[in-house]
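Chemist: Residue 134 is where the sequence shown starts when you use my numbering, and the numbers rise one by one after that.
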Amino acid sequence: AGATRQWGWNSEGQLGLQDTTDRLAANLLTLLDGLVIVDLSIGAVHTLALDIDGFVYSWGGNEYGQLGLGDTKSRDTPTRVRRLSPGRLATLKGVDEETSTIKVVGVVAGEYSSFAIVDLGADPEDATTHLGHEVYGFGDNQNAQVGCISPTQTEVLCPSFPLPPGAAIDPKKLLSPYLVAAFRRGG
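1) Below 6 Å CB to CB, which residues in the same chain sit around Ala223 once its five sequence neighbours on both sides are set aside?
2) Here's a check: name, in chain order, each residue in its chain whose Cβ is nearer than 8 Å to the Cβ of Ser246, leaving out the five neighbours to either side.
3) What did DSSP end up calling Pro219 once you bin it into helix, strand or coil?
4) Short of 7 Å in beta carbon distance, which residues of its chain neighbour His164, apart from the five on each side in sequence? Order them along the chain.
5) So what does DSSP say about Thr153, is it helix, strand or coil?
6) Whose C-beta lies closer than 7 Å to the C-beta of Gly254 among residues of the same chain, with five residues either side of it excluded?
7) Helix, strand or coil for Leu225, going by three-state DSSP, please let me know.
8) Which stretch, first to last residue, makes up the beta strand (DSSP E) that contains Gln139?
9) For a test of the three-state rule: what should DSSP assign to Leu148, helix, strand or coil?
10) When the Cα of Val178 is compared with those of Pro219, Asp256, Leu161 and Ser191, which residue comes out closest?
11) Could you spell out where the beta strand (DSSP E) holding Glu196 opens and where it closes?
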């Protein structure tokens, strides 16, 4: 497995090194040892990581709930986003957890928002039919950039569905605050 090295500004613990000390040189992030990280994305003051098994980890500033942990408490160590675990997603979609292939396949950190791209896998009734992708968004939603309508329209603390089921997106376009526009219909 490859190593993850972090350096730079660390005011909210976004480096994941168990403190808030800025680093001028690269430091090995050992808290993810043993995991194969396949995607990593950095927001203004938070970081997201995705392992090969589809588990999402987040750390850093969390003023708007951008860590997806159900609160606004910052973390200086990588913390698993349990609501995005493959088993939880299967249960949410009403699919048998043992046979499900549903999992997160990409993460994107906006400035104070976060997104997880979920592959819905094959149709249990017809393995040749792919069910498509969905996107979970969480964090700052002051300008509806998470794509969710919440009672306050300012904070979305937990992952929710911002895009229609089956919508496909280009994760490389999820860089601006108006991220919901970065998708296309199709499988």
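Built from N, CA and C at the ideal position, the CB exists for glycine as well.
As the structure is a computational prediction, the values presented were derived from the model and not from experiment.
Modeler: Looking at the atomic coordinates:
1) Glu230, Ser233 and Ile235
2) Gly176, Tyr197, Gln199, Gly270, Phe271, Gly272, Asp273, Asn274, Gln278, Val279, Pro310 and Leu312
3) helix
4) First, the residue type needs correcting, since residue 164 is Leu and not His in the sequence shown. If we look at Leu164 and ignore the five residues flanking it on each side, its Cβ neighbours are Gly149, Thr210 and Pro211.
5) coil
6) Ser233, Thr234, Ile235 and Leu264
7) helix
8) Arg138 to Gly141
9) coil
10) Ser191
11) Taken as a continuous stretch (DSSP letters only), Glu196 belongs to no beta strand (DSSP E), as it is neither H nor E.
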